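Residue numbers are given in numbering that gives the first Met the number 0: position 299 of the sequence shown equals residue 298, and the series is strictly consecutive.
No residue lacks a Cβ here, since even glycine has one placed at the ideal position from N, Cα and C.
Keep in mind it's a predicted model, so treat the numbers as computed, not measured.
A short write-up of the structure that comes next.
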Amino acid sequence: MNRHARRLVAIWVVLGILQAGGQVSRGQDPVAPLNGLKAQIYAGRNFQRLVRERIDPSIECFWDHGAPADEAPVDDFSVRWSGWIRAPKAGRYKLLVSCDDGVRLWVGGRQLLNEGGTGAFNLETSVELTDTPQSITVEHFDVGGASWIVLLWQPVGVPVPCPVPPAALFPDEARANAKPDRGDESKSGLIAEYFDKSFSRRLRASTVPRAEAIWGEGAPEWGLPPNAGARYTGVLVPPVTGNYKFIGWADNRMRVWIDGKPLLDADFDRRKHETAFLDLEANVPYPLRIEFVDTVYGGSYLLHWVPPKGDKELCIPPECLFQTKSAVPKRRPPSGPSAAKGE
């Protein structure tokens with residue numbers, strides 16, 4: 000098979016995944032991201048039945064009252080992330096985990112955290128990280144109720160922690176040891192612009208892989224204040240046509256626009272989730288804008304959906320988010336029996 004043919008086959012496989020609902024099922028990850036960790040999702044809190052494998056860009060997952068994947072239960076599930084972590088600079092780092100329920104953490108084959116209880120936890124440990132890759136494994140389980148987990152880090156001299164970014168995480172050792180190539184930069188996810196909490200002064204621009212964040216008691220990135228505003232922009236590409244239920248929650252406030260029209264306004268003071276319904280067409284790029292502000296410690300927000308004919312609250316898959324319209328891959332029209340059935 001020549002190079003051109005191999006490229007076409009890879010594109011057709013990706014399009015088949017997107018036509019099926021934007022989800023990569025067990026045993027299918029034909030174009031794994033360059034960054035992130037291998038995620039294995041199980042039904043049962045004790046890793047009883049594997050239901051999904053994929054690459055997660057980071058461990059900053061706010062599942063809320065939903066499920067980590069459509070194949071997983073809303074309650075009583077477990078997730079194992081494995082791969083490699085590479086610090087930008089060698090030194091002593093504090094590693095922090097905020098989660099509900101339990102968690103275990105290994106770095107370089109050494110167990111650093113082991114919390115087998117239920118409830119909300121804020122845990123921390125410290126470890127020497129080198130500027131060469133080290134293996135990392137995180138295991139998490141949920142028994143019931145709202146669920147989340149975020150892995151943060153804080154080197155000596157940095158005042159507050161931030162979530163470990165995708166750029167520091169790799170699914171295998173080969174990619175962890177590879178030299179960065181600007182041509183490999185992903186255009187998926189959303190553009191993030193950070194401001195002071197009044198949105199009067201722009202502080203920095205970056206990218207994020209998801210439409211949710213858990214800053215906890217820290218900041219979105221090193222060098223930014225813990226109380227800040229963020230504007231996330233990009234395009235949302237729905238995998239199927241139909242009526243989507245959107246769910247929003249924020250601490251402190253989040254506003255959402257899709258296709259230039261206001262959709263949600265979630266405020267922590269109202270003490271409830273906000274919902275909205277919107278008809279979307281498959282594979283059409285809709286402009287998305289999210290504005291979030293954290294005025295006190297404990298900042299977090301989420302924008303989830305329930306897809307058409309679905310019954311579970313789900314995180315919007317990273318493969319449905321792109322920084323610009325030009326970054327959205329061209330999609331091959333569906334054909335064959337599945338297209339005739341509208342699947």
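Closest in alpha carbon position to R254, among P237, H272 and P238, is H272. Residue environment: R79 is assigned as buried (16 or more neighbouring CB atoms within 10 Å of its CB, all protein chains considered). Three or more Cβ pairs drawn from the stretch 80–98 and the stretch 130–139 lie within less than 8 Å of each other, which places the two stretches in contact.
Counted as a single uninterrupted DSSP element, the alpha helix (DSSP H) harbouring R174 occupies residues E172 to N176.
The C-beta distance from L150 to V96 rounds to 6 Å, short enough to fall under 8 Å. In this structure L223 touches R203 by the C-beta definition: roughly 6 Å separates them, less than 8 Å. Between Y193 and P219, the gap from beta carbon to beta carbon is short of 8 Å. Exposed is the label assigned to V155, since fewer than 16 other Cβ atoms lie within 10 Å of its Cβ. The Cβ-Cβ distance between D63 and E312 falls below 8 Å. Separation of the CB atoms of Y285 and W248 is rounded to 21 Å, and the pair is thereby denied contact status at 8 Å. Rounded to whole angstroms, the Cβ separation of A229 and A265 is 14 Å, and the two are not in contact under 8 Å.
For G35, same chain residues with a beta-carbon under 7 Å away, outside a window of 5 residues either side, are I54, D55, P56, S57, P165, L168 and P170 in chain order.
Between V163 and the set G217, G233 and G116, the nearest pair of CA atoms involves G217.
For D310, the number of other beta carbons within 10 angstroms of its own is below 16, and it is reported as exposed. DSSP lists D266 and V292 as the bridge partner or partners of R252. A326 carries a helical assignment under DSSP once its states are collapsed to helix, strand and coil. With respect to the 8 Å criterion, W304 and Y231 are not classified as neighbours on the basis of their beta carbons. Taken atom to atom, the span from the alpha-carbon of R48 to that of W105 is near 22 Å.
In the DSSP assignment, Q39 forms a beta bridge with E52 and R79. DSSP places A68 outside both helix and strand once states are collapsed to three, so it counts as coil. The C-beta separation of D141 from A119 comes to about 11 Å, leaving the pair out of contact by the 8 Å criterion.
The C-beta separation of V239 from A281 comes to about 5 Å, placing the pair in contact by the 8 Å criterion.
Shown here for R252: same chain residues with a beta carbon closer than 6 Å to its own, the five before and five after excluded, namely D266 and V292 in chain order. Under the three-state reduction of DSSP output, P165 falls in the helix class.
CA-CA distance, V327 to Y41, rounds to 31 Å. If you draw a straight line from the Cα of L302 to the Cα of E123, it is about 27 Å long. Closest by C-alpha distance to G43, out of D130, F61 and V73, is V73. Approximately 6 Å separates the beta-carbon atoms of S187 and L320; this is inside 8 Å, confirming the contact.
Under a 10 Å Cβ-count criterion, A89 is classified as exposed, with fewer than 16 other Cβ atoms of the shown protein chains found around its own Cβ. With a beta-carbon spacing of about 6 Å, P317 and R209 fall inside the 8 Å limit used to define contacts.
The beta carbon of C161 is closer than 8 Å to those of L151, W152, Q153, W214, G217, A218, P219, E220, W221 and L223 in its chain, skipping five residues each way along the sequence.
For the pair G107 and E127, the Cα-to-Cα distance works out to about 10 Å.
In the three-state reduction of the DSSP assignment, P219 falls in the coil class.
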